[in-house]
Amino acid sequence: MSEAKVMEELKSPNTRTSLRRDLEMLGLKKGMVVIIHSSLSSLGWVCGGAVAVVQALMDVVGEGGTIVMPTQTGDNSDPSGWQNPPVPEEWWTTIRNEMPAFDPDITPTRGMGKIVETFRTFPNVKRSSHPMYSFAAWGKHAEYIISEQPLDAGFGEQSPLGKIYELNGYVLLMGVGHDSNTSLHLAEHAKPHPTIVEKGTAMLVNGERKWVNYKEIEYDADVFEAIGSVYEKNHSFSQYTVGKSSCKLLNQREIVDFARRWFQEN
586 MSEAKVMEEL
596 KSPNTRTSLR
606 RDLEMLGLKK
616 GMVVIIHSSL
626 SSLGWVCGGA
636 VAVVQALMDV
646 VGEGGTIVMP
656 TQTGDNSDPS
666 GWQNPPVPEE
676 WWTTIRNEMP
686 AFDPDITPTR
696 GMGKIVETFR
706 TFPNVKRSSH
716 PMYSFAAWGK
726 HAEYIISEQP
736 LDAGFGEQSP
746 LGKIYELNGY
756 VLLMGVGHDS
766 NTSLHLAEHA
776 KPHPTIVEKG
786 TAMLVNGERK
796 WVNYKEIEYD
806 ADVFEAIGSV
816 YEKNHSFSQY
826 TVGKSSCKLL
836 NQREIVDFAR
846 RWFQEN
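Numbering (our numbering), first residue to last: 586 to 851.
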């Protein structure tokens with residue numbers, strides 16, 4: 586849909602002020618720890634775009650709370666597994682030798698959306714050092730949340746997801762479904778017999794760029810929508826329209842615990 590068409594459908598423009606009001610109606614509060622998954626286009630036309638959205642989120646949560654967003658870089662991975670798009674096998678060695686090392690300050694996100702990429706560049710936003718599964722955080726617990734993320738358990742107990750769980754944080758889905766709910770990867774570590782796969786990435790080791798191979802469980806979001814659908818039928822959560830977007834605010838610990846049981850039973 587064209588921007589002009591989107592604007593025609595709005596009675597008034599979405600602004601930092603109006604989004605702040607909508608987020609408060611959703612249930613977002615000062616002092617919350619919240620991980621956010623978002624679609625800027627789902628909100629409709631916003632005066633100031635992604636910058637206004639990030640400002641509104643910070644206004645509501647405040648520096649006494651903490652905002653977290655996944656800043657993943659899936660393209661910094663072994664090219665043998667690339668599907669979108671795949672590359673010729675004869676390129677693989679060159680890519681492993683030449684892929685720039687992940688740098689939290691400069692490496693852009695891939696497929697995370699405009700709100701995340703904008704948030705990443707804001708003052709006082711800190712980013713974890715995992716070369717594929719990094720997170721950015723702002724606020725009271727930012728330093729703790731992004732610290733010491735294990736390479737071989739990027740979404741595990743010691744990851745930013747595990748720390749949000751420990752802090753009894755929330756998940757905010759802004760115009761996206763549970764297929765984007767990264768917290769459910771934390772629950773995958775409860776699988777009785779997870780598949781272990783070998784992965785590779787370019788990263789800095791003692792200040793030197795290296796291609797590092799490591800083993801980790803195989804993460805798979807294909808069942809996340811089904812898990813989220815069953816969860817929503819049996820648990821309370823907050824839902825409200827922010828801008829033009831249907832948004833949901835859920836307790837992260839509750840949905841992760843539910844998903845852990847689901848993985849153990851299925």
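Glycine is no exception: its CB is placed at the ideal position from the N, C-alpha and C atoms.
Using only alpha-carbon positions, find the residue among the options that is nearest to residue i.
| i | options | result |
| --- | --- | --- |
| L834 | A775, V815, G762 and E783 | G762 |
| E733 | W723, G724, L746 and C632 | L746 |
| D764 | A787, A811 and H774 | A811 |
| H778 | R712, N753, F720 and E850 | E850 |
| A738 | K795, E801, E683 and V701 | E801 |
| L736 | V756, Y729, D607 and S713 | S713 |
| S814 | H622, L769 and D663 | L769 |
| M684 | V701, T703 and P716 | P716 |
| L771 | F848, P664 and S623 | F848 |
| E742 | A775, E728, W723 and G724 | A775 |
| G616 | F809, E817 and Y755 | Y755 |
| D805 | G792, F740, R794 and E839 | F740 |
| V841 | M788, E751 and G698 | E751 |
| Y816 | R794, R846, G792 and K795 | R846 |
| K818 | K711, F843 and P664 | F843 |
| L757 | R705, I730, R794 and R838 | R838 |
| G647 | E803, A727 and E793 | A727 |
Going by DSSP, what residues sit across from residue i in a beta bridge?
| i | result |
| --- | --- |
| A721 | M654 and R712 |
| L789 | R794 |
| H622 | L758 |
| L834 | L757 and S823 |
| N853 | No statement about residue 853 is possible, as the shown extent of the chain runs from 586 to 851 and does not include it. |
| E783 | K800 |
Compare the beta carbon distance of residue i and residue j with 9 Å and say whether it is the shorter of the two.
| i | j | result |
| --- | --- | --- |
| Y799 | E773 | no |
| P655 | T780 | no |
| T786 | F720 | no |
| G696 | G659 | yes |
| V645 | I749 | no |
| N753 | N836 | yes |
| S831 | S626 | no |
| S662 | M759 | no |
| G649 | K725 | yes |
| V653 | I620 | yes |
| W723 | T651 | yes |
| D690 | V827 | no |
| T694 | V636 | no |
| V808 | V797 | no |
| Q657 | Y718 | yes |
| K829 | N682 | no |
- request: Take every Cβ of the stretch 818 to 833, pair it with every Cβ of the stretch 609 to 618, and state whether three or more of those distances are shorter than 8 Å.
  value: yes
- prompt: Touching or not, the stretch 620 to 638 and the stretch 597 to 606, by the rule of three or more beta carbon pairs under 8 Å?
  reply: yes
- prompt: Okay, do the stretch 668 to 687 and the stretch 640 to 653 touch, 3+ Cβ pairs below 8 Å being the bar?
  reply: no
Contiguous alpha helix (DSSP H) assignments of at least 4 residues, all confined to the stretch 636 to 703: 677 to 683
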